[in-house]
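Quick notes on the structure that follows.
2 protein chains.
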Amino acid sequence: MPVGVAADLVILTVRDGRLQVLLIRRGIEPYLGRWALPGGFVRPDEDLESAARRELAEETGLSSERIHLEQVATYGAPDRDPRGRVVSVAYLALVPDPPAPVAGSDASSASWVEVASLLQDGAAGPEAVADGLAFDHRRILGDGVERARAKLEYSPLATAFCPAEFTISELRGIYEAVWGTPLDPRNFHRKVTKTTGFVEPSGATTTRDGGRPAQLFHRGTAPTLHPPMTRG
Amino acid sequence: MPVGVAADLVILTVRDGRLQVLLIRRGIEPYLGRWALPGGFVRPDEDLESAARRELAEETGLSSERIHLEQVATYGAPDRDPRGRVVSVAYLALVPDPPAPVAGSDASSASWVEVASLLQDGAAGPEAVADGLAFDHRRILGDGVERARAKLEYSPLATAFCPAEFTISELRGIYEAVWGTPLDPRNFHRKVTKTTGFVEPSGATTTRDGGRPAQLFHRGTAPTLHPPMTRG
DNA sequence: TCAAAAGTGTTTGGTGTACACCCATGC
DNA sequence: GCATGGGTGTACACCAAACACTTTTGA
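For the protein sequence lines, the chains are W and L, in the order given. Going left to right, the first sequence walks through residues 1 to 232 as the UniProt record's numbering numbers them. Going left to right, the second sequence walks through residues 1 to 232 as the UniProt record's numbering numbers them.
Rendered as C-alpha cells:
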C-alpha cells in the first residue's frame, strides 16, 4: 500500500484582537489557487513532530524552538487527496502576534486570514474566502481551533500567543479573541493573578495600552490551571 | 518512502471494580511473546476509523456499532518498529463489562490485564507483566488512559462502560475504577441526577447490588456535562 | 430484626459574578 | 482636570464537601 504521510499545520495567532490562521495559496493542482493549510510530506527518517517543526520554520521563518506545537488529530479518508492515499497528521501551532507576514517559498503566497470568516456555519459561504479551503482543511482547521479554545480553559496555553512579557489586559485580549466573548476585566485580572503558576510579575510596567501603568508578567510554570478559566 | 499505516487499539473495560485493558500476546517477531495492544495495518481503501472498528470486532467479537471509539493520537518515531517505518494511529475503545474473554484469531492469545499493573511509575517494573509492553505501546496505553480519565470529567463517557441500563452505584463504580479514587455515594448520586442530559431514569428498578432497590437509568443525550464531575 | 445499599436534608465554606469604587498615568 | 485603562473591595448567589438521617429491600 503506497501511502504518503503528511504533516499539516494549523498556525494560529491573534492580531488586531482577532484570531487568525496562516494559509497558503496553492500554486499547483489539485485545488490550484485555493487556500490551504501549510504542510508537506514527512521525510523517510523524520519524526512527525520534527516534520511539523520544519514546515513551521519554512512557512513562518520562526526559529520554531519557542513556539508551542502540539498534535491535534490524524485524517486518513481514502479519498481525501485525489492524487492518492495520503494520511495527514495535523499539528496546532500558536505564535505570538507579530511574526513576519511570511515569505512565499515557492510559487505560492501565504497570508493571515481571519478564522471567523472561514468557519461560518454552513459550508463556508462563497463570499467568505473563495470557495473555501482545499482538501478537508476546513475540518482540520475547525478541530484545531476547537482544541485551542478548550485548552485555554484549563491550561496556561494563552501565554503562547503573547510575547515574553505581557500585561493582564493583553492576555485577556487573547481569551476574548479565541473564545469570541467579552470578559470582565476586573474578575479576569483577579483570577489570573490568583491562579498559582499561571503568570508571574516581571517587576516592570508599561503604559503602551494607555491609562494607568500596567504590570508586566511572563509565563508561569504551572502545566494546568486550578481552577480553570471559564468561558463567558 | 514506503510507510505502513497501522491502527492500534486501547480497549478499556471495568471488571471487578478495576480498570483493565485488552492485550495480545505476540506470536511473531519482533517482540515475540510480549504483550502488545491489538492492532493492524490499515487497508488500501479503508478509512482509519473503519480499520480500528474492524480490528476491534476481530479481537473482541463485539459488533462494534455501539462501542465508543475515538482517535487518541498518532505515533511515528522513525525507529518505533524495527521492521521499517510504521506510523500508528491509536484509538481508544470503551466496552461494557462482560465482553467475551476473547478468542485468539491467529497463534496469539488475548486477555484482560489490569491497567494499574502496567502503568506503575518507573519503567514498568519487571515483576509487573513480563518486560513490559512491545513497541511504544506503554506510552500509547498511558495516553489512552489519560484521555479516558480526563473525558470522564466533562463528558458522559462513563456510560460507555455500562450496559444499556445501569444504577447510579454502578456508574460510580466506573468513576472510582478509572480515577482510582473513592467518591461519596450521596453527593455523586445528587450530582449525576441533577446534571441534565447525563442519565435518564428508565422507570425500572433492581436489587442486584443488594439493599434497597435502585432505580435503573440509561444514557442521556448531553454531549458534555455542566457542571463537570470533579476528581476526588 | 438486622445488614446493606438507596436516596434526601442540612450545614458550612469556598468560588464565580456583578458592579461600585479608587489609582496612576497621558493629554 | 479629564479620559483611559489598571487594579481592589464587597455583596450575593450558587455549588460542593461532609455527614446525619430516613427508606426499602433480602436474609
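Just so you know, even glycine gets a beta-carbon here, dropped at the ideal spot from N, CA and C.
Asked, Found
"Leaving aside the five residues before and after Phe41(W) along the sequence, list all residues of the same chain whose C-beta is less than 6 angstroms from its C-beta, in chain order.", "Gly4, Ala6"
"For Leu9(L) and Glu70(L), which I take to be in contact (beta-carbon distance under 8 angstroms), what is that distance rounded to the nearest angstrom?", "About 11 angstroms separates the two Cβ atoms, so there is no contact after all."
"Output, in chain order, the set of chain W residues within a Cβ distance shorter than 7 angstroms of Ala73(L).", "Gln71"
"Starting from the beta carbon of Glu59(W), find every residue of chain L whose beta carbon is closer than 7 angstroms, and list them in chain order.", "Within chain L, no residue comes near Glu59(W); the closest Cβ sits about 20 angstroms away, beyond 7 angstroms."
"Below 8 angstroms on the Cβ atoms is my guess for Ala177(W) versus Arg18(W); work out the distance and round it to an integer in Å.", "6 angstroms"
"Using a beta-carbon distance below 8 angstroms, is Ala222(W) in contact with chain L?", "no"
"If the criterion is Cβ atoms closer than 8 angstroms, does the pair Pro38(L) and Ala110(L) meet it?", "yes"
"Could you name the residues of the same chain whose beta carbon sits closer than 6 angstroms to that of Val14(L), not counting the 5 residues immediately before and after it, in chain order?", "Phe161, Ile174, Ala177"
"Measuring CB to CB, does Ala214(W) end up less than 8 angstroms from Thr167(W)?", "yes"
"Does Gly40(W) come out as helix, strand or coil in the three-state DSSP assignment?", "strand"
"Could you pull out every residue in the same chain whose Cβ sits closer than 8 angstroms to the Cβ of Ala128(L), ignoring the five residues on either side in sequence?", "Its pLDDT being 47, under 50, Ala128(L) is placed unreliably by the model, and the measurement read from it follows with that caveat. So the qualifying residues of the chain are Ser117, Leu118, Gln120."
"Is the segment 197-217 of chain L close to the segment 47-66 of chain L, with three or more CB pairs under 8 angstroms?", "no"
"Touch check for the segment 74-92 of chain W and the segment 178-189 of chain W: three-plus C-beta pairs under 8 angstroms?", "no"
"Is the beta carbon of Val113(L) sitting closer than 8 angstroms to the one on Trp35(L)?", "yes"
"Taking DSSP as the reference, what is the three-state secondary structure of Glu165(L)?", "coil"
"When you compare each of Leu157(L), Gly132(L), Pro185(L), Lys191(L) to Ile24(L) by their alpha carbons, which one comes out closest?", "Gly132(L)"
"Are the CB atoms of Tyr154(L) and Gly224(L) within a distance shorter than 8 angstroms?", "A small fix is needed here, since residue 224(L) is Thr in this sequence, not Gly. Cβ distance < 8 angstroms, so Thr224(L) and Tyr154(L) count as in contact."
"Do we get a CB-CB distance below 8 angstroms when we pair Leu62(W) with the residues of chain L?", "no"
"Relative to the C-alpha of Val192(W), which candidate in Pro156(W), Leu62(W), His68(W) has its C-alpha closest?", "Pro156(W)"
"According to DSSP, what are the bridge partners of Gly4(L)?", "Val86(L)"
"Is Arg85(W) buried or exposed, if buried means 16 or more other CB atoms sit within 10 Å of its CB?", "buried"
"Is the CB of residue 291(L) under 8 angstroms away from at least one CB in chain W?", "In the structure as shown, chain L begins at 1 and stops at 232. Residue 291(L) is therefore absent and cannot be evaluated."
"Taking the beta strand (DSSP E) that Leu23(W) belongs to, which residues open and close that run?", "18-25"
"When the cut-off is 8 angstroms and only beta carbons count, does Arg85(W) lie next to chain L?", "yes"
"Should Glu46(L) go down as buried or exposed, given a rule of 16 or more other Cβ atoms within 10 Å for buried?", "buried"
"Name the chain L residues that come within less than 8 angstroms of Gly76(W), Cβ to Cβ?", "Val5, Val42, Asp47, Leu48, Val89"
"Taking the continuous alpha helix (DSSP H) assigned at Thr193(L), which residues delimit it?", "185-194"
"Around the C-beta of Ala164(W), are 16 or more other C-beta atoms found within 10 angstroms, so that it is buried, or is it exposed?", "exposed"
"If you compare alpha carbons, which of Thr195(L), His218(L), Lys194(L) is closest to Thr205(L)?", "His218(L)"
"Per DSSP, what kind of secondary structure is Leu119(W) in: helix, strand or coil?", "coil"
"Tell me, to the nearest whole angstrom, how far the beta carbon of Leu171(W) is from that of Met229(W); I am working on the premise that it is less than 8 angstroms.", "With a Cβ gap of about 10 angstroms, Leu171(W) and Met229(W) do not count as contacting."
"Reducing DSSP to helix, strand and coil, say where Pro213(W) ends up.", "coil"
"Enumerated in chain order, which unbroken segments of the beta strand (DSSP E) with a length of 3 residues or greater are wholly contained in the segment 27-80 of chain W?", "39-41, 68-75"
"Applying the 10 Å Cβ sphere with the 16-neighbour rule, what's the burial state of Leu62(L)?", "buried"
"Tell me the DSSP secondary structure of Gly144(L) in three-state form.", "helix"
"Here's a check: name, in chain order, each residue in its chain whose Cβ is nearer than 6 angstroms to the Cβ of Asp143(L), leaving out the five neighbours to either side.", "Val72, Ala73"
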